[in-house]
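Novice: Residue numbers for the sequence shown follow my numbering, beginning at -18 and rising by one. Built from N, CA and C at the ideal position, the CB exists for glycine as well.
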Amino acid sequence: MNFRWPASPRRAIAASLLAGLCAAGTVIPCQAATPVGAKRVQQSAGFRSNSLDGQQLFALEIQAKQLPAVEGGHDHIVLIDTSASQVAAHRRQGIAVLEAFFSALPATDRVHLKAVDVAPKALMDGFHPAASEETQQALATLKKRVPLGATDLEAALQSALATVPGEQRPASVVYIGDGMSTAGLIGSAELEQLLQKLRSSRVPVHSYAVGPRTDLQLLGVLAQRTGGMLMFDDADARKDAPAAAGSRLAAAANAPVFYPETLKYEPAGLEVLPAVALPLRSDRSTVYLARGLAAESVQLTLSAQSQSVSESLPVGRMTAAGPFLQSLWNQAETSDGLTVAYAGRSVLQAAQRAYESEIVRLEAAGEQAVGIRELDRAEQIGQAILKLDPANVRAQAMLGASDRVRNRILAQADAAQPPAAQPPAAQPPAADNGLQARQEPVDPAEIDLIQQEQARRRIKLQRLTLEVADV
């Protein structure tokens, strides 16, 4: 999977984490997190649209309001991309965010730094506090490392898992890079196995995506399935300030995660993808895709032993999303929900912007193709748009214009064609005296005139075709 969405404004601001233990049987209420000091407003319950078969499609958001805080320090395996794509401003931003991340960690936390490209390379032995001499030496080694090669992200994550200490301390993986695993593409089966290992070890993967091109879908799947956070480089100088980005990343890496074991949903007949219990956080929503008949609300409940998180999502409060959801659902169906990578509303909105931008780009390219009479290309583009947006009016007009131009060319070509040959005259009956009917010899000059006329008509037809093409 290698779908790259453009950056969007980040709303992944860590909310205040409320300490406390959940009593047996407690239902943890859900709501959208509100940044400290912000005015609380009514949030949408998700997105909805009508599918082609008359049912409704949903992007359902569920988020824990509060989770029990984790006592003690955390261990963080930090993977920083040192492939050839991480150069110039991208490299400077990535290293600056890494330094800010280390500065924002509590003194009780420990880190282990690895450089990742074609193979992971440990830059320090064991785990040490972020402010330690060992960590500072690892940073100095990183800054001297020349960005080369491509990245094998699966090998990097497997290496991170193998590095997790056996101590009873919470652990996380923090990745800084573009997510482009071009040195080793990750297949669906391998990705499923890797996600299962991370989930069973309760090791969330947090990412800060930075680079000329970023694979937000792969990084989103890692965050969604493991309980991590996905942040990405933006065009906003304030939000992209390394100190702010590193602080948010540190808060996310230390936030608690709820790992449910079962997923239940209503009403009956509702299809949900992925049909598994996804981890929940209190600083971002978890997004499910669903399809079903019209209903007043949709109920989601995720449970683990004595704890559960439940939310009733009123359909009337959901934001209309148009054909965007149909495109997401079609993609999710082909992967059995594996490609549902929307780890929070900011990631879902980034995917929507990418979808809308692609539609606009294809519309412009298709209309240009019609204008310069590249009709085959125009039809291909029009069909591609209709796959993304079956009711797209501009695509239908594009295909109609292409058909009209084709018909015009054919009509003018038909008008220039020579008349159809007449059937041969009936032969006179055989002579009674047994002799064959007399045939007049053909004058060679007549044959030459016929050939000249045929050549003249062919030239005229070619001229008409060129004139139509220039219109």
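#1: What residues in its chain sit with their C-beta under 6 Å from that of Asn235, if we drop five residues either side in the sequence?
#2: Report yes if the C-beta distance between Gly201 and Ala322 is below 9 Å; otherwise report no.
#3: DSSP state of Thr163, grouped into three classes?
#4: Per DSSP, which residues does Met299 bridge with? Please list them.
#5: Leu166 to Asp133, Cα distance in whole Å?
#6: For a quick check, are the C-beta atoms of Asp214 and Ala233 less than 9 Å apart?
#7: Please identify the residue among Ala164, His57, Val341 whose C-alpha is closest to the C-alpha of Ser66.
#8: I'd like to confirm the pairing. Which residues does DSSP put opposite Pro146 in its beta bridges?
#9: Give every residue of the same chain whose Cβ lies closer than 8 Å to the Cβ of Glu242, excluding the five residues on either side of it in the sequence, and list them in chain order.
#10: Does DSSP classify Ser287 as helix, strand or coil?
#11: For Phe83, which residues from the same chain have a beta carbon less than 6 Å from its beta carbon, with the 5 sequence-adjacent residues on both sides left out?
#12: So, helix, strand or coil for Ile362, using DSSP?
#13: Within its chain, find whatever has a CB closer than 6 Å to the CB of Met105; leave out the 5 residues flanking it on each side and keep chain order.
#14: Using beta-carbon positions only, say whether Pro128 and Val68 come within less than 9 Å of one another.
#15: Go ahead and label Ala85 buried or exposed: buried means 16 or more other beta carbons lie within 10 angstroms of its beta carbon, across all protein chains shown.
#16: Keeping to the same chain, check which residues put their C-beta closer than 6 Å to that of Ala231; ignore five residues upstream and five downstream.
#17: So the candidates are Ala376, Leu281, Glu339, Gln288; which of them puts its Cα closest to the Cα of Ser308?
#18: Tell whether a beta-carbon distance below 9 Å holds between Ala276 and Gln37.
#19: Taking the beta carbon of Asp34 as the centre, do at least 16 other beta carbons fall within 10 Å, making it buried, or is it exposed?
#20: Alpha carbon to alpha carbon, what distance is there between Thr300 and Ala249?
#21: So, is Asp90 buried or exposed, given that buried needs 16 or more other C-beta atoms within 10 angstroms?
#22: With a threshold of 8 Å, are at least 3 pairs of Cβ atoms found where one atom belongs to the region 353 to 360 and the other to the region 377 to 385?
#23: Would you kindly work out how many angstroms separate the C-alpha atoms of Ala70 and Arg326, rounded to a whole number?
#24: Let me confirm a value: Pro295 is counted as buried when at least 16 other C-beta atoms fall within 10 Å, else exposed. Which label applies?
#25: Let's test the definition: count the other Cβ atoms within 10 Å of the Cβ of Ser293 and tell me whether it reaches 16, buried, or not, exposed.
#26: Can the beta-carbon of Leu270 be found closer than 9 Å to that of Leu306?
#27: Going by the CB atoms, is the gap between Ser188 and Ala170 shorter than 9 Å?
#28: Do Leu281 and Ile43 count as a contact pair if the criterion is CB distance below 9 Å?
#29: Which residue comes first and which comes last in the alpha helix (DSSP H) that contains Pro183?
#30: Alpha carbon to alpha carbon, what distance is there between Val374 and Gln177?
#31: Does Leu281 come out as helix, strand or coil in the three-state DSSP assignment?
#32: What does a CB cutoff of less than 6 Å around Leu179 pick up in its chain, not counting 5 residues either side in sequence?
#33: Cβ of Val99 within 9 Å of Cβ of Gly158?
#34: Drop a sphere of 10 angstroms on the beta-carbon of Glu52, count the other beta-carbons inside from all chains shown, and report buried for 16 or more, exposed for fewer.
#35: Whole angstroms are fine: how far does the CA of Leu369 sit from the CA of Leu138?
#36: Closest to Glu247 by C-alpha separation, out of Val238, Arg272, Pro223, would be which residue?
Specialist: In short, the structure shows the following:
#1: Within the sequence shown, numbered from 1, the residue matching residue 235 stands at position 254. Same-chain partners within the cutoff: His55.
#2: Taking the sequence shown and counting its residues from 1, one reaches residue 201 at position 220. Taking the sequence shown and counting its residues from 1, one reaches residue 322 at position 341. Contact flag set, yes.
#3: As a working mapping, residue 163 is identified with position 182 in the sequence shown. In the structure shown, Thr163 sits in coil (DSSP, three-state: anything other than H, G, I, E or B).
#4: Position 318 of the sequence shown, counted from the start, is the residue given in the question as residue 299. According to DSSP, Met299 bridges with nothing at all.
#5: Taking the first residue of the sequence shown as position 1, residue 166 is located at position 185. Taking the first residue of the sequence shown as position 1, residue 133 is located at position 152. Near 7 Å, if we compare the C-alpha coordinates of Asp133 and Leu166.
#6: Residue mapping note: residue 214 aligns to position 233 of the sequence shown, counting from 1. Residue mapping note: residue 233 aligns to position 252 of the sequence shown, counting from 1. It is not a contact, given that the beta carbons lie outside the stated cut-off.
#7: The count along the sequence shown starts at 1 and reaches residue 66 at position 85. Ranking Ala164, His57, Val341 by Cα distance to Ser66 puts Ala164 first.
#8: Residue numbering aside, residue 146 sits at position 165 when the sequence shown is read from its first letter. DSSP output for Pro146 lists no bridge partner at all.
#9: Mapped onto the sequence shown, residue 242 falls at position 261. The residues are Ala258, Ser284, Ala285, Gln286.
#10: Counted from its first residue, the sequence shown places residue 287 at position 306. Ser287 falls in the coil class under three-state DSSP.
#11: As a working note, residue 83 is residue 102 in the sequence shown. Around Phe83: Ala111.
#12: Start at 1 with the first residue of the sequence shown, and residue 362 comes out as number 381. Here Ile362 sits in helix by DSSP.
#13: One-based indexing of the sequence shown puts residue 105 at position 124. Same-chain partners within the cutoff: Leu94, Glu115, Ala119.
#14: Stepping through the sequence shown from its first residue, residue 128 is reached at position 147. Stepping through the sequence shown from its first residue, residue 68 is reached at position 87. Yes; because the gap between Cβ atoms is below 9 Å, this pair is in contact.
#15: One-based indexing of the sequence shown puts residue 85 at position 104. With 16 or more Cβ atoms within 10 Å of its Cβ, Ala85 is classed as buried.
#16: For this step, residue 231 is matched to residue 250 along the sequence shown. Closer than 6 Å at the Cβ level, and outside the excluded window around Ala231, lie Phe82, Ala85, Leu86.
#17: Here residue 308 refers to the residue found at position 327 of the sequence shown. Measuring from the Cα of Ser308, the nearest candidate turns out to be Glu339.
#18: Along the sequence shown, read from residue 1 onward, the residue named residue 276 stands at position 295. Along the sequence shown, read from residue 1 onward, the residue named residue 37 stands at position 56. A contact, by the Cβ cut-off of 9 Å.
#19: Position 53 of the sequence shown, counted from the start, is the residue given in the question as residue 34. So Asp34 counts as exposed.
#20: Here the question's residue 249 lines up with position 268 in the sequence shown. Here the question's residue 300 lines up with position 319 in the sequence shown. Computed Cα separation, rounded: 23 Å.
#21: For the purposes of this step, residue 90 is taken as residue 109 along the sequence shown, with counting starting at 1. Result: buried.
#22: yes
#23: Locating residue 70 in the sequence shown gives position 89, where the first residue counts as 1. Locating residue 326 in the sequence shown gives position 345, where the first residue counts as 1. Cα-Cα distance, rounded: 27 Å.
#24: For the purposes of this step, residue 295 is taken as the residue at position 314 of the sequence shown. Classification of Pro295: exposed, given that the 10 Å Cβ count is below 16.
#25: Position 312 of the sequence shown, counted from the first residue, corresponds to residue 293. Exposed.
#26: On the sequence shown, position 289 is the one that residue 270 refers to. On the sequence shown, position 325 is the one that residue 306 refers to. Going by C-beta atoms, Leu270 is nearer than 9 Å to Leu306.
#27: Taking the sequence shown and counting its residues from 1, the one referred to as residue 170 is at position 189. Taking the sequence shown and counting its residues from 1, the one referred to as residue 188 is at position 207. Contact: no.
#28: Mapped onto the sequence shown, residue 43 falls at position 62. Mapped onto the sequence shown, residue 281 falls at position 300. Yes.
#29: Taking the first residue of the sequence shown as position 1, residue 183 is located at position 202. Strictly speaking, residue 183 in this sequence is Arg, with Pro absent from that position. Unbroken run through Arg183: none, as it is neither H nor E.
#30: Counting from one through the sequence shown, the residue named residue 177 turns up at place 196. Counting from one through the sequence shown, the residue named residue 374 turns up at place 393. Whole-angstrom Cα-Cα distance: 44 Å.
#31: On the sequence shown, residue 281 is found 300 positions in, with the first residue counted as 1. DSSP places Leu281 in strand when its eight states are reduced to three.
#32: As a first step, residue 179 must be located in the sequence shown, where it is residue number 198. If we look at Leu179 and ignore the five residues flanking it on each side, its Cβ neighbours are Thr207.
#33: One-based indexing of the sequence shown puts residue 99 at position 118. One-based indexing of the sequence shown puts residue 158 at position 177. The answer is no: Cβ separation not under 9 Å.
#34: On the sequence shown, position 71 is the one that residue 52 refers to. Under this definition Glu52 is an exposed residue.
#35: The residue you call residue 138 lines up with position 157 of the sequence shown. The residue you call residue 369 lines up with position 388 of the sequence shown. Those two C-alpha atoms are separated by around 33 Å.
#36: As a first step, residue 247 is located in the sequence shown; it is residue number 266 there, counting from the start. Minimum Cα distance to Glu247 is reached at Arg272.
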